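Take any residue in the sequence shown, note its place counting from 1, add 1, and you have its number in our numbering.
Every residue gets a Cβ at the ideal spot worked out from N, C-alpha and C, and that includes glycine.
Just so it is clear, the structure is predicted and the values come from calculations on it, not from any experiment.
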Amino acid sequence: MRVIFMGTPDFSVPALKALAEAKHEIAAVVTQPDRPKGRGKKEMPPPVKKTAVSLHIPVFQPPKVKDPGLIRLLNNLSPDVIVVVAYGRILPREILELPPHGCINLHASLLPKYRGAAPIHRAIINGEKITGITSMYMDEGLDTGDMILHQTIPIQAEDNAGDIHDRLSVLGAQLLVETLDLVEKGRAPRIPQSGPSSYAPLLTTEDERISWDQPARDIHNQVRGMTPWPGTRTTMGGKVLKIWRTGCLGEDEAADLPGRVISTGREGIVVQAGSGRVVIRELQLQGAKRLGVAEFLRGTPVPVGTVLGE
Numbered sequence: 002m003r004v005i006f007m008g009t010p011d012f013s014v015p016a017l018k019a020l021a022e023a024k025h026e027i028a029a030v031v032t033q034p035d036r037p038k039g040r041g042k043k044e045m046p047p048p049v050k051k052t053a054v055s056l057h058i059p060v061f062q063p064p065k066v067k068d069p070g071l072i073r074l075l076n077n078l079s080p081d082v083i084v085v086v087a088y089g090r091i092l093p094r095e096i097l098e099l100p101p102h103g104c105i106n107l108h109a110s111l112l113p114k115y116r117g118a119a120p121i122h123r124a125i126i127n128g129e130k131i132t133g134i135t136s137m138y139m140d141e142g143l144d145t146g147d148m149i150l151h152q153t154i155p156i157q158a159e160d161n162a163g164d165i166h167d168r169l170s171v172l173g174a175q176l177l178v179e180t181l182d183l184v185e186k187g188r189a190p191r192i193p194q195s196g197p198s199s200y201a202p203l204l205t206t207e208d209e210r211i212s213w214d215q216p217a218r219d220i221h222n223q224v225r226g227m228t229p230w231p232g233t234r235t236t237m238g239g240k241v242l243k244i245w246r247t248g249c250l251g252e253d254e255a256a257d258l259p260g261r262v263i264s265t266g267r268e269g270i271v272v273q274a275g276s277g278r279v280v281i282r283e284l285q286l287q288g289a290k291r292l293g294v295a296e297f298l299r300g301t302p303v304p305v306g307t308v309l310g311e
């Protein structure tokens, strides 16, 4: 089929490569504009653009998805289908109704749960044990269209958002190829979404802040769900302390002040939570490198009784 691919971040790259390898005709790639990054604020292309250029596919980077010029361009390219994988913008009706086989999206959750911008992060933060990826026909709602296929994976106890991101991006690429094969043959199902739905909003700076009066399990899930980006934070001695990897011990009610350091050692810094204890295993003090706990403690002693988050 003749395909227009719309996507932007690393998550989208395996899907683009899989479509190219499946011998679909990719007429164009539409992605977000280059953005300034790094300390030098140099404009950098999105990962999908770099991949498309390497595959010799024309790339378009409209500043606005409702740009009449973009809609004319898409019309002129006459796609059979538009595939959307983490493009980063809601498509207007003019684009949704343009291709004869519609617009097909990959969404990183088991719909109708976790509709929205941060499904991987929110699933882990909420302590889910399974998640997955869904292919769907797009409509004007937010991830509300009819489903085509889905695939489920477990979330292991130590998985973080980066781990699940990487697995789902590869799994989603395979699912997308299967989906387009069904669409091309006229055999793709349309399964209306039913059952309890939930929303996965964009992450905020408040999501980064650790509240030590929460249960240890919830804090551990928060750290996993916010790693490798944007990370979680507390404070120590007036400085921001980012927490990158944790464990948790027990579920008993707090016997000490939440946030107080109970013990330190090579295995971790043990901190009292609202119930149970959090074991910090990887962390980063403001202005310093991200370190495992043993190396961190060699350079920055943390006395028992220190209270984090004050």
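- The C-alpha of residue 243 lies about 25 Å from the C-alpha of residue 253.
- Taking C-alpha positions only, residue 34 is separated from residue 9 by approximately 9 Å.
- Shown here for residue 161: same chain residues with a beta carbon closer than 6 Å to its own, the five before and five after excluded, namely 225 and 228 in chain order.
- The beta carbon of residue 170 sits closer than 6 Å to the beta carbons of 12 and 15 from its chain, once the five residues preceding and following it are set aside; these are given in chain order.
- Per DSSP, residue 303 lies in no alpha helix (DSSP H) segment and is marked neither H nor E.
- Looking at the DSSP output, residue 29 shares a beta bridge with 5.
- By alpha-carbon distance to residue 195, the top candidate from 113, 41 and 234 is 113.
- Residue 134 sits close to residue 172, with the two beta carbons spaced by under 7 Å.
- Note on the stretch 61-141: whole alpha helix (DSSP H) runs with a minimum of 4 residues are 69-78, 94-97 and 120-126, in chain order.
- With a cut-off of 8 Å on Cβ pairs, the stretch 122-138 is in contact with the stretch 147-161, counting three or more such pairs.
- As a beta-bridge residue in DSSP terms, residue 281 pairs with 247 and 270.
- Rounded to the nearest angstrom, the gap between the Cα atoms of residue 49 and residue 266 is 43 Å.
- Counting only runs of 3+ residues, no beta strand (DSSP E) is found wholly inside the stretch 156-191.
- A direct Cα-to-Cα measurement between residue 190 and residue 72 gives close to 28 Å.
- It is roughly 7 Å from the alpha-carbon of residue 76 to the alpha-carbon of residue 99.
- For residue 37, the uninterrupted beta strand (DSSP E) segment begins and ends at 36-38.
- At the C-beta level, residue 255 and residue 275 come within 7 Å of one another.
- In this chain, residue 24 is not harboured by any alpha helix (DSSP H), its DSSP state being neither H nor E.
- Looking at the backbone, the Cα of residue 121 and that of residue 175 are separated by about 18 Å.
- Around the CB of residue 158, fewer than 16 other CB atoms lie within 10 Å, so the residue is classed as exposed.
- Assigned with DSSP and collapsed to three states, residue 57 falls in coil, not helix or strand.
- Annotation for residue 207: the continuous alpha helix (DSSP H) segment containing it runs 206-209.
- Nearest neighbour of residue 153 by Cα position, chosen from 139, 168 and 140, turns out to be 168.
- DSSP places residue 240 in the strand class (E or B) of the three-state scheme.
- Between residue 19 and residue 264, the alpha-carbon positions lie close to 49 Å from each other.
- With respect to the C-alpha of residue 216, the residue from 258, 238 and 68 having the closest C-alpha is 258.
- In this chain, residue 310 is not harboured by any alpha helix (DSSP H), its DSSP state being neither H nor E.
- Following the DSSP letters along the chain, one finds residue 226 inside the alpha helix (DSSP H) bounded by residues 217-226.
- If you check the CB distance, residue 277 and residue 251 come in under 7 Å.
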